[in-house]
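What follows is a set of notes on a single structure, which appears directly below.
In this note's numbering, the protein residues as written are 2 to 55.
Now the structure itself:
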């Protein structure tokens, strides 16, 4: 995941739309984005392992 992936509302996680400037909130949003990316990666691995992936 690159910085651009976090910012873009069209191609990424839409961090530019969060409208927050508080450091604590940004840390939580980054953590949630990281966990969502990890869950997506795990789902991809599971699909590849079972042959569901194309």
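No residue lacks a Cβ here, since even glycine has one placed at the ideal position from N, Cα and C.
Within the same chain, 26, 27 and 30 come within 8 Å of residue 19 by CB-CB distance, once the 5 residues on both sides are set aside.
The three-state secondary structure of residue 29, taken from DSSP, is helix.
Inclusion of residue 54 and residue 48 in the CB contact set at 7 Å is warranted, their separation being smaller than that value.
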